[in-house]
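Scroll down for the structure; my scribbles are underneath it.
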Amino acid sequence: MTEQKPVFEITTSRQFESWLAESGASLAFSTYQAGMLMLIGTNADGKLSLFNRQLERVMGLAVSGDRLFAASLYQLHRFDNLLAEGQVTPEGYDRLFAPRVSYVTGDIDAHDIGLDEYGDPIFVNTLFSCLAKPSVEHSFQPVWQPQFISRLAAEDRCHLNGLAMEGGRPRYVTAVSQSDVADGWRDGRRDGGVVVDVETGEIVASGFSMPHSPRIHNGKLWLHDSGTGRFGTVDVASGRFEEVAFCPGYLRGLAFVGDYAMMGLSLPRDNKTFSGLALDDALAARKVEPRCAI
Numbered sequence: 001m002t003e004q005k006p007v008f009e010i011t012t013s014r015q016f017e018s019w020l021a022e023s024g025a026s027l028a029f030s031t032y033q034a035g036m037l038m039l040i041g042t043n044a045d046g047k048l049s050l051f052n053r054q055l056e057r058v059m060g061l062a063v064s065g066d067r068l069f070a071a072s073l074y075q076l077h078r079f080d081n082l083l084a085e086g087q088v089t090p091e092g093y094d095r096l097f098a099p100r101v102s103y104v105t106g107d108i109d110a111h112d113i114g115l116d117e118y119g120d121p122i123f124v125n126t127l128f129s130c131l132a133k134p135s136v137e138h139s140f141q142p143v144w145q146p147q148f149i150s151r152l153a154a155e156d157r158c159h160l161n162g163l164a165m166e167g168g169r170p171r172y173v174t175a176v177s178q179s180d181v182a183d184g185w186r187d188g189r190r191d192g193g194v195v196v197d198v199e200t201g202e203i204v205a206s207g208f209s210m211p212h213s214p215r216i217h218n219g220k221l222w223l224h225d226s227g228t229g230r231f232g233t234v235d236v237a238s239g240r241f242e243e244v245a246f247c248p249g250y251l252r253g254l255a256f257v258g259d260y261a262m263m264g265l266s267l268p269r270d271n272k273t274f275s276g277l278a279l280d281d282a283l284a285a286r287k288v289e290p291r292c293a294i
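Here the sequence shown is numbered in full-length UniProt numbering, starting from 1 and rising by one per residue.
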């Protein structure tokens, strides 16, 4: 019996190809339900180029120069570019990322990945409610946990998920709640989300619904209030959230290309994690269907 490959279709907005070519950027994104790591760029003639590989339940990604990290079901992978500057493959690709290191972490539900000042990964260990580094002896090496987490346990207590780096150091994280019991974050999905200052341990903003993907860009802290569909900035001095845009879907993943924010948008799933969020009401009020998009 021949194994069927997953079928998918990608459509683009008008002028996306030309914008991507002019920016000189390429995009890497993951879709963990389909288990795909996708790379989008442009060919020498300016046409869109799409490349994908399967990694089981791939989520967090991080890129630094010629190195790419990806967190999958039970591993943290490192891929290195094998091509010299100006070299291309016979197919015309100017980067060739090959697997070089894979850390076996176990199924710890790793989310965001940040890179420290040495280019080494620090990742959000969601199952154990902490930030961690890879370990050659253990599944992971914990490096930080929120003050409201009394001990590390494989219980996904607060659903720690997002990490913002600054100067090669973890600066802010997002969590769905401040729960300290197993799976307790589910009770805080609508308004229990927080932003935590890693350096001080203080809660700098609260009241979010399923916050994700904090990033520091141009001196501002940006994040997704995913349970409401809002994307915006946080004033860490006052804790105030300023909405910049509503996006018709469940927001996860954020990177900046110049002054443009590139965001991952998913379809809300009909299960206990995604049902009953304010996003449903916001979509209905705007008479719009959710989208799966960048």
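No residue lacks a Cβ here, since even glycine has one placed at the ideal position from N, Cα and C.
| Nearest-angstrom Cα separation, counted from PHE79 out to VAL101 | What you label residue 101 is simply residue 101 of the sequence shown in a count that begins at 1. What you label residue 79 is simply residue 79 of the sequence shown in a count that begins at 1. Answer to the nearest angstrom: the Cα atoms are 7 Å apart.
| Per DSSP, what kind of secondary structure is SER226 in: helix, strand or coil? | For the purposes of this step, residue 226 is taken as the residue at position 226 of the sequence shown. Here SER226 sits in coil by DSSP.
| request: Consult DSSP for ARG169 and reduce its assignment to one of helix, strand or coil. | output: Here the question's residue 169 lines up with position 169 in the sequence shown. Strand, per DSSP.
| task | Below 8 Å on the Cβ atoms is my guess for HIS111 versus GLY162; work out the distance and round it to an integer in Å. | result | Against the sequence shown, residue 111 aligns to sequence position 111. Against the sequence shown, residue 162 aligns to sequence position 162. Yes, they are in contact, since the Cβ atoms of HIS111 and GLY162 sit about 7 Å apart, within 8 Å.
| request: With distances taken Cα to Cα, identify the nearest neighbour of PHE140 among SER150, ASN125, ARG151. | output: Mapped onto the sequence shown, residue 140 falls at position 140. Checked all of SER150, ASN125, ARG151; the closest Cα to PHE140 is ASN125.
| message | I need the boundaries of the alpha helix (DSSP H) containing ALA282, first residue and last residue. | response | Along the sequence shown, one-based indexing puts residue 282 at 282. It spans 278–285 - the alpha helix (DSSP H) in which ALA282 sits, taken as one unbroken run.
| field | Whether THR273 touches PRO214 by CB criterion (7 Å) | value | For this step, residue 273 is matched to residue 273 along the sequence shown. For this step, residue 214 is matched to residue 214 along the sequence shown. Taking 7 Å as the Cβ cut-off, THR273 and PRO214 do not qualify as a contacting pair.
| message | Rounded to whole angstroms, what is the Cα-Cα separation between VAL288 and ALA255? | response | Here residue 288 is taken as the residue at index 288 of the sequence shown, counted from 1. Here residue 255 is taken as the residue at index 255 of the sequence shown, counted from 1. Using only the alpha carbons, I get a separation of about 25 Å.
| query | Considering only C-alpha positions, which residue in the set GLY41, SER226, ALA182 is nearest to ASP94? | reply | Taking the first residue of the sequence shown as 1, we reach residue 94 at position 94. Of the candidates GLY41, SER226, ALA182, the one whose C-alpha sits nearest the C-alpha of ASP94 is GLY41.
| query | Of all the options THR228, ALA154, GLN75, which has the alpha carbon lying nearest to the alpha carbon of SER135? | reply | As a working mapping, residue 135 is identified with position 135 in the sequence shown. For the residues THR228, ALA154, GLN75, the minimum Cα distance to SER135 belongs to GLN75.
| Where does PHE123 fall in DSSP's three states? | Locating residue 123 in the sequence shown gives position 123, counting from the first residue. Reduced to three states, the DSSP call for PHE123 is strand.
| said: DSSP has ARG78 in a bridge; who is on the other side? | reply: Looking up residue 78 in the sequence shown gives position 78. Paired residue(s): PHE69, VAL101.
| request: Look up GLY232 in the DSSP assignment and give the residues it is bridged to. | output: One-based indexing of the sequence shown puts residue 232 at position 232. Answer by DSSP bridge pairing, in chain order: LEU223, GLU243.
| DSSP state of ARG151, grouped into three classes? | If you number the sequence shown from 1, residue 151 lands on position 151. DSSP places ARG151 in coil when its eight states are reduced to three.
| Cβ of SER64 within 7 Å of Cβ of LEU131? | Counted from its first residue, the sequence shown places residue 64 at position 64. Counted from its first residue, the sequence shown places residue 131 at position 131. No, these two residues do not count as a Cβ contact at 7 Å.
| Whether LEU61 touches PHE97 by CB criterion (7 Å) | Start at 1 with the first residue of the sequence shown, and residue 61 comes out as number 61. Start at 1 with the first residue of the sequence shown, and residue 97 comes out as number 97. The beta carbons of LEU61 and PHE97 sit no closer together than 7 Å.
| Candidates LEU37, CYS292, GLY46, PHE8, of which the one nearest GLN15 by Cα | Here residue 15 refers to the residue found at position 15 when the sequence shown is read from its first residue. It is GLY46 whose Cα lies nearest to the Cα of GLN15.
| message | Checking 7 Å against the spacing of the C-beta atoms, do HIS159 and VAL176 come in under that value? | response | Locating residue 159 in the sequence shown gives position 159, where the first residue counts as 1. Locating residue 176 in the sequence shown gives position 176, where the first residue counts as 1. In this structure, VAL176 lies closer than 7 Å to HIS159 by Cβ.
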